[in-house]
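Each remark here refers to the structure printed beneath this line.
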Amino acid sequence: MSAPSSMKKLIDTAHIIEPMGTHLHSIIWFHGFGDSSEGCKDIFSQIQPPNTRIVLPNAPKRWHTIQGQQHFVQSWYGEEAAAVEHGLPIMKWINELIDGEIELVKDSTQLIIGGFSQGACLALMTGLRFPKLLGGIICCSGRVAYLDRIQEFLGEHARRVPILVLHGKDDDRICWDEVKPGFDLLRQHGLQDNMQIVVEDRVGHIISRRGFNQIIMFFVKQFKL
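My numbering applies: residue 895 is where the sequence shown begins, and numbers increase by one.
Following this line, the structure appears as structure tokens:
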């Protein structure tokens, strides 16, 4: 299945945690491959900052080959060979989702986007070239895509937007040693002071308790809570 035909459909299937108090900030979080908003709504309800609306979109379903068998699962883009074809259109829909939240908070720096695994890649690559300065990008157990075209994905605010990268050193699904060169490439292209990378020992393909604490501190710092 390709990207949704209307952004309204993607919004309608999202799980939204309404703000406690006046809506001043927004967070958009993209789940990982094969997951859904159900997998992260409880933890975000627990760590929700004050005056913050949290939007947890659900990816469309696509066919994927897993261990030799076809499975119809939720994913933001297709298999590796089709990632460019499917990944770029979904970014268009995500941009519209981001614009919608910015209209609500009136200030792009009051919006943080992030995600886990495949969702982390989507958040990072969308956020890097977004035409407005966002409040931040969080990339958990993700990777830098389109390495041979990275310059295309570095918008005018890529070297200013605060970025938090969290990764487990023992991640056996998205191995840190394999994805580290992508983040090194971002450093080489000028993403220095604005990108914090935290690699945790004895942590696999998950967000650890320490990782969630880092995320909470990132929210507090960027939203000036």
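Backbone N, C-alpha and C fix where the C-beta goes; we use that ideal spot for every residue, glycine too.
In the three-state scheme derived from DSSP, where H, G and I count as helix and E and B as strand, residue 1102 is classed as coil.
The beta carbon of residue 1008 lies closer than 6 Å to those of 923, 1017, 1032 in the same chain, with the five residues before and after it left out.
Inside the segment 899–926, DSSP marks whole alpha helix (DSSP H) runs of 4 or more residues at positions 901–906, from first to last along the chain.
For residue 1055, there is no enclosing beta strand (DSSP E), as DSSP marks it with neither H nor E.
Collapsing the DSSP output to three states places residue 1077 in a helix.
Looking at the backbone, the Cα of residue 1019 and that of residue 1076 are separated by about 12 Å. Checking the DSSP bridge columns, you'll see residue 1089 partnered with 1057. For residue 1015, the enclosing alpha helix (DSSP H) stretches over residues 1012–1022.
Judged by beta-carbon spacing, residue 1039 lies within the 8 Å limit of residue 1015, meaning their Cβ atoms are closer than that value. Per DSSP, residue 1114 has no beta-bridge partner at all. Assigned with DSSP and collapsed to three states, residue 968 falls in strand.
Assignment of residue 996 by DSSP, reduced to helix, strand and coil, places it in the helix class.
For residue 937, the uninterrupted alpha helix (DSSP H) segment begins and ends at 935–941.
The straight-line gap separating the alpha-carbon atoms of residue 1063 and residue 1043 is approximately 27 Å. Shortest Cα-Cα distance from residue 1034 to any of 1106, 1047, 1022 involves 1106. Classified as exposed, residue 939 has fewer than 16 neighbouring CB atoms from the shown chains inside 10 Å of its CB.
Bridge pairing for residue 1109: absent [DSSP]. Residue pairing by DSSP places residue 1005 opposite 920 in a beta bridge. Bounds of the beta strand (DSSP E) holding residue 950 are 946–950.
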